Amino acid sequence: QGKYNLRSRKTLETVYLHYEGDRECEEFKAFEVYLKRIWFASGIHHHYGCEKFKPGFSEEYFYHLLENIGEKLLPIKRGETKEDLMRQLESILFDPEVMPKRVNQTDGEDLVLTSACNFYEDVTQEEVERFYAKMKNTDNPNPPSYGLNSKLTKRNNEVVELTWKEDGLYGETIREIVSWLLKAQKYAENEGQKHVIDLLVKFYRTGNLEDFDRYSIAWVEQHEGLVDFINGFIEVYGDPLGMKGTWEGIVEYKDLEATKRTQTISQNAQWFEDHSPVDPRFRKPEVKGVTANVICAAMLGGEEYPASAIGINLPNSNWIRQEHGSKSVTIGNLTDAYNKAAQGNGFRDEFVIDKETVALMNQYADITDDLHTDLHECLGHGSGKLLPGVDPDALKAYGSTIEEARADLFGLYYVADPKLVELGLTPSTDAYKAQYYTYLMNGLMTQLVRIEPGNNVEEAHMRNRQLIARWVYEKGAAEKVVELVKKDGKTYVVINDYEKVRELF
4 QGKYNLRSRK TLETVYLHYE GDRECEEFKA FEVYLKRIWF ASGIHHHYGC EKFKPGFSEE
64 YFYHLLENIG EKLLPIKRGE TKEDLMRQLE SILFDPEVMP KRVNQTDGED LVLTSACNFY
124 EDVTQEEVER FYAKMKNTDN PNPPSYGLNS KLTKRNNEVV ELTWKEDGLY GETIREIVSW
184 LLKAQKYAEN EGQKHVIDLL VKFYRTGNLE DFDRYSIAWV EQHEGLVDFI NGFIEVYGDP
244 LGMKGTWEGI VEYKDLEATK RTQTISQNAQ WFEDHSPVDP RFRKPEVKGV TANVICAAML
304 GGEEYPASAI GINLPNSNWI RQEHGSKSVT IGNLTDAYNK AAQGNGFRDE FVIDKETVAL
364 MNQYADITDD LHTDLHECLG HGSGKLLPGV DPDALKAYGS TIEEARADLF GLYYVADPKL
424 VELGLTPSTD AYKAQYYTYL MNGLMTQLVR IEPGNNVEEA HMRNRQLIAR WVYEKGAAEK
484 VVELVKKDGK TYVVINDYEK VRELF
């Protein structure tokens, strides 16, 4: 996520473990809160809002803490002193002008130079785009995801790519990943799983993205057994240009009962594709290999820990999805935990307009939330096609946000379709209203509690929800389809015409 994140975390953890001074004072308690935020976000920037955390303790107190820690305990490099470490981290942690955003998506700015992610060093956005444009200028009909597993920097004033692989960048850590994959291979349920692991290990050893494509094809076509995994440099949300993948790892097993729901959706994927309200040029004439399962996460790692997704659709490669299909998962034990944690917490009583809408949400929101996730992952990301000759990265910095919006809109449109009642997926033709109210309330208001007032919304999923909710609100304003109303000095969302909202979606 950031060049100095590990160093910052290890320094603060050392203080937390070894500081022998007063731990009950307000500044030390603020230090603990700051460290917990770094643990949860895996770095010094908010995992969703992307802004840098502001320490609730002073720079003077930070110096006091480090002065009481032995130099040998701290992550000090050869030839460096404790004072060097303190001065560097003082700037990194306390200066609001230094690396203010993990990912910057502000129009008109150099997104590479103004983002704190560690995918680029000493290069500009223009240099990055020029570098990869040369790679893409080939006749390969099935191009790999250029730049997915590398860092771009300069050597002797030339732009060079440092590949993440067993004998390359992060080699020591990648060798550790390989060793555990080979141990796990002994316990595979079938030969197909063993073959998938072989291909992934080969990719980690070579760093060749064509090897990653071969692994992805084998993975998406392997359906036998109860256990599966996701492992690799995959999602590109942490890159302002949407190219470089952050490492993640999940080990999962199927929830066979709940999977009946997602299998019903995937078995009817062609019907949903054929009835999609998009231009027919963008529909798949033949939906291939779309599978969906509800799973329980047994292990979460990397970008998926501790703040995990609740649904995933892979692989991301457009041509593999087109020719070989995709796998979707809804992580059932996490959505179940979220639902249970939300029960009785007062959120709906505070933010929902009236008791009737609260009752509607209490009855149907859990069902329709899960369904929207299923539809988003399986049919949303899994649907549609690019026109011939279109570069999958053509949208550049907007790509991740638009793709998430596309998947959300697919789910929002179909969660209200009578077909879901016919298939036994929703118990009532009114159930969808709980999802519509939840979604618009979230997009227009409640998701913004994650963003410091005055800051831009930067994270792709949040930008997607914001653009959909705002667009529907603005386009329906003349007919008052959706309103923001004041009641007892508070602002609430009101939906006056649910069917019109579906048309707008």
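One rule links them: number in our numbering = place in the sequence shown (from 1) + 3. We put the CB at the ideal spot given by N, CA and C, even for glycine. As the structure is a prediction and not an experimental result, all values here were calculated from the model.
Taking its Cβ as the centre, do 16 or more other Cβ atoms sit within 10 Å of residue 94, making it buried, or is it exposed? exposed
* Beta carbon of residue 279, beta carbon of residue 386: below 8 Å? -> yes
For residue 2, count the other beta carbons within 10 Å of its own beta carbon; 16 or more makes it buried, fewer makes it exposed. Which is it?
An answer regarding residue 2 cannot be provided, because it is not within the stretch 4 to 508 covered by the chain.
Exercise for the section: Could you have a look at residue 231 and say whether DSSP puts it in helix, strand or coil? Expected result: strand
Which class does residue 296 belong to by DSSP, given the choice of helix, strand or coil?
-> strand
Name the residue from 101, 383, 21, 217 whose alpha carbon lies nearest to the alpha carbon of residue 290. 383
*With a cut-off of 8 Å on the beta carbons, I'd call residue 210 and residue 168 a contact; round off their distance for me.*
Right, their Cβ atoms sit about 3 Å apart.
Three-state secondary structure assigned by DSSP to residue 161:
strand
>> Short of 6 Å in beta carbon distance, which residues of its chain neighbour residue 500, apart from the five on each side in sequence? Order them along the chain.
In response: Around residue 500: 484.
Residue 314 - containing beta strand (DSSP E), residue span: For residue 314, the enclosing beta strand (DSSP E) stretches over residues 314-317.
- [ ] For residue 3, count neighbouring Cβ atoms within 10 angstroms of its own Cβ and tell me buried if that reaches 16, exposed if not.
- [x] In the structure as shown, the chain begins at 4 and stops at 508. Residue 3 is therefore absent and cannot be evaluated.
Exercise. Have a look at the DSSP bridge pairing and note the partners of residue 123.
Key: 155
- Query: Near residue 134, what residues of its chain come up, given a Cβ to Cβ distance below 7 Å and the 5 sequence neighbours on each side ignored?
  - Reply: 155, 162
Q. CA-CA distance, residue 381 and residue 23?
A. 53 Å
- Message: Quick check on this structure: which residue in 243, 337, 436 has the alpha carbon closest to the alpha carbon of residue 112?
- Response: Among 243, 337, 436, the Cα nearest to that of residue 112 is on 243.
Take residue 432 and list the residues in its own chain whose beta-carbon comes closer than 8 Å to its own, dropping the five residues that flank it on each side. 421, 424
query: Which ranges does the alpha helix (DSSP H) cover as unbroken runs of at least 4 residues, wholly within the segment 458-497, from first to last along the chain?
result: 463-478
Open item on the list: Could you pull the DSSP bridge partners for residue 256 from this structure?
Closed with: 230, 299
Going by DSSP, what residue range makes up the alpha helix (DSSP H) through residue 223?
212-224
Go through its chain and collect everything with a Cβ distance to residue 356's Cβ below 7 Å, but skip five positions before and after it. 495, 496, 497
Return yes when the Cβ of residue 475 is within less than 8 Å of the Cβ of residue 426, no when it is not. no
Problem set entry | Reduced DSSP category for residue 332 - H, G, I as helix; E, B as strand; rest coil | In this structure, residue 332 counts as strand in the three-state DSSP scheme.
Distance between residue 258 and residue 114 (C-alpha atoms, nearest Å):
41 Å
Under 8 Å between the Cβ atoms of residue 391 and residue 321? no
* Leaving out the 5 sequence neighbours to the left and right, which residues in its chain are closer than 6 Å to residue 410 when beta-carbon positions are compared? -> 379, 383, 384
Does the Cβ-Cβ distance between residue 150 and residue 247 come in under 8 Å? yes
On the criterion of 16 or more Cβ atoms from any shown chain inside 10 Å, does residue 120 qualify as buried, or is it exposed? Looking at its Cβ environment, which holds 16 or more other Cβ atoms inside 10 Å, residue 120 is buried.
What is the residue span of the alpha helix (DSSP H) that residue 89 lies within?
Following the DSSP letters along the chain, one finds residue 89 inside the alpha helix (DSSP H) bounded by residues 85-97.
Whole-Å CB distance - residue 216 paired with residue 144, under 8 Å assumed = Wrong, their Cβ atoms sit about 12 Å apart, outside the cutoff.
Closest to residue 352 by C-alpha separation, out of 58, 20, 493, would be which residue?
493
Q. Going by C-alpha distance, which of 170, 176, 227, 172 is nearest residue 198?
A. 227
Suppose contacts are defined by Cβ-Cβ distances below 8 Å. Is residue 89 in contact with residue 69 by that definition?
Taking 8 Å as the cut-off, the beta carbon of residue 89 is found closer than this to the beta carbon of residue 69.
request  = Please determine if the segment 325-332 and the segment 285-302 are in contact, where contact requires at least 3 C-beta pairs separated by less than 8 Å.
outcome  = Enough Cβ pairs lie closer than 8 Å, so yes.
Can the beta-carbon of residue 241 be found less than 8 Å from the beta-carbon of residue 304?
-> no
Inset, instruction - Answer with buried or exposed for residue 310, where buried requires no fewer than 16 other C-beta atoms within 10 angstroms of its C-beta. - result: exposed
| query | Under the three-state reduction of DSSP, which class applies to residue 429: helix, strand or coil? | reply | coil
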